[in-house]
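Novice: I'd like to ask you about the structure that follows.
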Amino acid sequence: MAIASGGRSGAAFRYLAVAAWASVAVALGLIFFVAREAVDAMGGQLQRIFYVHVPAAWVAYIAFAIVFIASIAYLRTGARRWDLLAHASAELGVVFCSLVLITGPIWARPVWGTWWQWDARLTSALVLWLTYVGYLLLRALATDPRRVGRLAAVLGIVGFVDVPIVHFSVLWWRTLHPSGPAVGNASGGSTLGAPELVAFFSALIAFTLLFAWLLAVRVRLGGLADRVTELEIAHEMGAVAPAAAGPRSPRPGEVAGAATGASPHLAER
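Residue numbers for the sequence shown follow this note's numbering, beginning at -14 and rising by one.
Here it is, written out as structure tokens:
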């Protein structure tokens, strides 16, 4: 699997890296300075978790959606690039989903008086995380790459069923988790002022671009790992081939020398 590292591909990769980290810096500035007074009035440091928790959940949805699509493509085509994309996206999806499960209880402890509640939103999010951790463990422990690719693809497709359950759980069941949209209320208006909205959407963009860059990095590294494996196999095949061909047949002069007990070079004379 060839991985382009120069030309337009390399330039796009660098631009994506710059955009990702620049957007992160802008988002942090907006959260801590532009929306500072409003955030402090709504709960101070605790409210700032909102600007991490919600974007992380959004990126986790995107990551698992990519696993879902890439897994279907892999089962249809058998192309390694789709399997590699699904694997890379699942790894990042678990990271961002872990961030959701960490920041949520930090917010819940002072607000709900407990770190965890087994309500529909939290439980379904935990099931989603466990599903994709199982996906990664399956890939890590299996020995047959082709077989594990197909099994992981099936698990990645089935696991995605939980994503809409997580998202709509607050509407389908009674939960402690806030049930309204992240930036709206029941009347259709926004629960956030202009500074908070700017900070929120900047965080959403920053997380999305950061995920895209990390995904590109992980896919490139996976492609390079595949290439190294191919070279190692080719090297081993090249080392085994001469031995498998058997010993070289002796030349006539060597046979004569062996019969007379003389050196092959003397026999040729």
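Beta carbons: idealized from backbone N, C-alpha and C, even for Gly.
When you compare only the Cα positions, how much space is there between residue 122 and residue 193?
Specialist: 26 Å
Novice: Verify whether the separation of the beta carbon atoms of residue 59 and residue 45 is less than 9 Å.
Specialist: no
Novice: What would DSSP say about residue 103, mapped onto helix, strand or coil?
Specialist: coil
Novice: Taking only the alpha-carbon atoms, compute the straight-line gap between residue 14 and residue 187 and give it to the nearest angstrom.
Specialist: Looking at the backbone, the Cα of residue 14 and that of residue 187 are separated by about 10 Å.
Novice: Round the Cβ separation of residue 203 and residue 77 to the nearest angstrom and send it over; I've been treating them as touching at under 8 Å.
Specialist: About 7 Å separates the CB atoms of residue 203 and residue 77; that is less than 8 Å, so the two are in contact.
Novice: Where do the N-terminal and C-terminal ends of the alpha helix (DSSP H) with residue 49 fall, by residue?
Specialist: 35 to 62
Novice: How many Å lie between residue 138 and residue 180 at the Cα?
Specialist: 42 Å
Novice: For residue 152, report the span of its alpha helix (DSSP H) as first-last.
Specialist: 147 to 157 is the extent of the alpha helix (DSSP H) around residue 152.
Novice: Excluding the five sequence neighbours on either side, which residues of its own chain have a C-beta within less than 7 Å of the C-beta of residue 90, listed in chain order?
Specialist: Excluding sequence neighbours, residue 90 sits near 100 and 101.
Novice: What did DSSP end up calling residue 111 once you bin it into helix, strand or coil?
Specialist: helix
Novice: Just the C-alpha distance for residue 12 and residue 191, rounded to the nearest angstrom, thanks.
Specialist: 7 Å
Novice: Excluding sequence positions up to five away, which residues of its chain have a Cβ less than 6 Å from the Cβ of residue 41?
Specialist: 81, 84 and 85
Novice: Throw me the rounded Cβ distance for the residue 120 and residue 141 pair, which I believe falls under 8 Å.
Specialist: 6 Å
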